[in-house]
Amino acid sequence: MAEAREHVLTGTRGSITVREWPAARPRYVALLVHGYGEHIGRYEEVAGVLVAHGAAVYGPDHAGHGKSAGERVLIEDFEDVVTDVHAVAELARSAHPDLPVVMIGHSMGGLIAARYAQRHQDGLTALVLSGPVIGDWELPRRLLALDEIPDTPISPAALSRDPAVGAAYAADPLVWHGPMKRPTVEAFVRTLETVAKSGDVGSLPVLWIHGDDDRLVALAGSRPGVEQLAGTGLTERIHPGARHEVFNETNKAEVFADVTRFLDGVLAR
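All residue numbers for the sequence shown refer to the UniProt record's numbering, where the first residue is 1 and numbers rise by one.
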């Protein structure tokens, strides 16, 4: 795989750092949308799989995350983050104007990707949601009911059955290890409501991947949101025993095959 490049874009609330993983002769563009508190650098292996499959891959660090500007993990309006991701899509399209574009969003990135698909459906060929924050996610309501949000970081063990994944996460200086911030939690609630009332994505093919032992974003909570968002083209793959980060799970080869098989079917239409 060719060495990744970095771009810096002007985002809605400061500079946004974007990573590009180029492909020699790409047949599609893949946009990666990362989750809460992390950064796009954690998707190196996912990008490698996609590049080998024929994708030119792009992904931003969201505002307040990774190498991008902004107070850490502060997101006051997810509509701004969707706008930033659209700027990344435009960067990719300027380099590859004739290629189909697919979006892959994990966790909070699944919420952002879902809203992106509602706003920019015509610009996408497929949508992949991994452990998406969508539907009935009870954590924000529980946190907002408290006078003070506790400083309880995400448990590394909740990410994957592979302990090396949790250890790397805990040691990563670009990962946020502190408490959630109230404006961000409030923005989650608003955007969950916005996605729920903004309609489905029609015939856009959607792949939903989830671990049935996801302790951060419960499978049962995501299901109604995914089913409401997806129109006529939903494919689901639920992995027994898998935790939140299915792309970092012990059966990740199976998960990657889910994605590439799905995309092959979409791109062949």
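Positions of the beta carbon are idealized from the N, C-alpha and C atoms, including for glycine.
Answer yes or no: do residue i and residue j have a C-beta to C-beta separation smaller than 9 angstroms?
i    : j    : result
P97  : V51  : no
V33  : I149 : no
L9   : D84  : yes
L229 : T125 : no
W176 : R13  : no
L207 : V259 : yes
V185 : L159 : no
G241 : D213 : yes
E38  : G59  : no
F188 : F78  : yes
M180 : Y28  : no
R243 : I209 : no
A56  : E20  : yes
V82  : V102 : no
Which residue or residues does DSSP assign as beta-bridge partners of residue i?
i    : result
G59  : R19
W208 : L129 and E236
Might you give, ordered along the chain, the residues of its own chain that have their beta carbon closer than 7 angstroms to the beta carbon of residue i, omitting 5 neighbours on each side?
i    : result
F256 : V49
V266 : T125, A126 and P205
W137 : L192, V217 and G221
E76  : P183 and A187
L74  : G64, K181, P183 and T184
Which class does residue i belong to by DSSP, given the choice of helix, strand or coil?
i    : result
I104 : strand
L32  : strand
S198 : coil
R5   : strand
G14  : strand
H244 : coil
V266 : helix
H86  : helix
E138 : coil
D147 : coil
A218 : coil
V49  : helix
G163 : This sequence places Pro at residue 163; Gly is not what is there. In the structure shown, P163 sits in a helix (DSSP, three-state: H, G or I).
I154 : coil
A69  : coil
A171 : helix
R25  : coil
S203 : coil
E76  : coil
P97  : coil
G109 : helix
D122 : helix
E249 : coil
G41  : helix
A230 : coil
P179 : coil
D213 : coil
G225 : helix
For residue i, which residues from the same chain have a beta carbon less than 8 angstroms from its beta carbon, with the 5 sequence-adjacent residues on both sides left out?
i    : result
F247 : Y43, E45, V46, H106, S130, V255 and F256
V195 : L111, A114, R115, Q118, I134, G225 and L229
T235 : P205, V206, L207, W208 and F262
Residue i and residue j look like a contact to me (Cβ under 8 angstroms); what is the Cβ gap, rounded to whole Å?
i    : j    : result
L174 : G41  : 7 angstroms
G11  : A87  : 7 angstroms
I16  : A63  : 7 angstroms
G178 : P140 : Going by Cβ atoms, the distance from G178 to P140 rounds to 17 angstroms, so no, they are not a contact pair.
A92  : L31  : 7 angstroms
E249 : D162 : 7 angstroms
G54  : P100 : The Cβ separation is near 11 angstroms, so there is no contact.
G211 : H239 : 5 angstroms
Just to confirm my understanding: we take residue i, look at its own chain, exclude 5 residues before and 5 after, and list those with CB closer than 6 angstroms. What are they?
i    : result
G225 : I134 and G135
P156 : G166, Y169 and A170
H7   : V18
G202 : G231
K197 : none
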